[in-house]
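Inspection log for the structure reproduced underneath, given as structure tokens.
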Amino acid sequence: MGESFSRQVPQVHLNGRIVPADQAAIGAADAGLIHGASVFTTMLVRHGKVFRLDRHLNRLLEAAEHFALRTDLPTGQAGATAQTLTAAVAELLAANALTEARMRITLTPGAVDGQGPPTTLITADPLPPQPREWYERGVGVVISTFLQSRTDPLAGYKTGCYLPRLLARQQAAAKGMEEALWFTTDHLLAEACFCNVFLVREGSVLTPPLDTPVLPGIVRGAVLELCAAAGVACEDRRPLTIRDLLAAEEIFLTSAVSGIRPVVRLERHAVGGETPGSVTRKLMDAYNTLLDKECPA
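Plus 1091 on top of the position in the sequence shown (first one is 1) and you've got this note's numbering.
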């Protein structure tokens, strides 16, 4: 009976050890908790393999270095490195017996006084259901009332300071929509709360440049590769405006867990006759093929 119960308790990987989620403890003075001083990445696990784990880890560790967040252990043991995190991810998937999952790695520098080790937390949950209608019929989005600034030191990174994104998502939900699109203070299209955004105009795929700034999403990068492989014209260096957005024949969102989702409604504005477009569908098929190739059954 006890063994059966223990298997039902989700396990997490905390500071080098696998522990039951309900027993995991992070110090009350942790800078991630007190100041939001943390970076994270969310990943898709398919058939027991993380899609493009190496790219997630590179981006995560580059962000930690950018913000000067400690990731090493003062005792000289290996801290959060690509090697230790790769091993920890595998251990946690095995501990939870998961093959289809959403994983998250969070790094903080530990206590605000700099004493003691940094914090590394990895969680894994069964992959949440992705409604079929998102992909077959498309989703609706709103334009957030919040603005993104290129002077914001957090823009373009996944950090623990995510409350504005959650508030914007709540704005969208209040209007019956799935996501909210952000513009910058200089009126450029940036991204969604938790997704990158793409437009299709006259057969060409457009997405805001990284220096808008936007997050260098892993699936964003995959879509650029798929466009090149399929001979689809793609532009990721030209700033985009509200005019580009409203003139788009197709719009789609990309994120690690949800993949590619067509957008068929922008508040009251119908996109592409409120039906997922041919270019979006082509890329969705190509992305699913890529998943099958890189994360085979």
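We put the CB at the ideal spot given by N, CA and C, even for glycine. Since the structure is predicted, the reported quantities are computational estimates derived from the model, not experimental observations.
Would you report the Cα separation of Ala1115 and Leu1144, rounded to the nearest angstrom?
CA-to-CA, the gap between Ala1115 and Leu1144 works out to about 24 Å.
Residue of Leu1124, Ala1320, Trp1273 minimising C-alpha distance to Thr1211:
The option with the nearest alpha carbon to Thr1211 is Leu1124.
I need the straight-line Cα distance from Val1305 to Glu1270, nearest angstrom please.
About 16 Å.
Per DSSP, Pro1111 is paired with what?
According to DSSP, Pro1111 bridges with Gln1102.
How would you call Ala1179, buried or exposed, if buried means at least 16 neighbouring beta carbons within 10 angstroms?
By the neighbour-count rule (16 or more Cβ atoms within 10 Å), Ala1179 is buried.
Identify whether Ile1309 lies in helix, strand or coil by the three-state DSSP scheme.
Looking at Ile1309 - three-state DSSP - the assignment turns out to be helix.
Do the region 1275–1293 and the region 1188–1199 make contact, defined as three or more Cβ pairs closer than 8 Å?
Touching, no, given that fewer than three Cβ pairs across the two stretches are closer than 8 Å.
Is there a Cβ of chain B sitting closer than 8 Å to that of Asp1335, yes or no?
As a matter of chain content, chain B is missing from the structure shown, which is built from one protein chain.
Backbone secondary structure at Lys1140 - three-state DSSP:
Secondary structure at Lys1140: strand, using DSSP grouped into helix, strand and coil.
Leaving aside the five residues before and after Asp1163 along the sequence, list all residues of the same chain whose C-beta is less than 6 Å from its C-beta, in chain order.
If we look at Asp1163 and ignore the five residues flanking it on each side, its Cβ neighbours are Gly1170.
Hey, Leu1176 and Ile1196: beta-carbon distance below 8 Å or not?
Yes, they are a contact pair.
Of the residues Ala1259, Ala1377, Cys1286, the one placed nearest Gly1267, counting alpha carbons only
When only C-alpha atoms are compared, the closest one is Ala1259.
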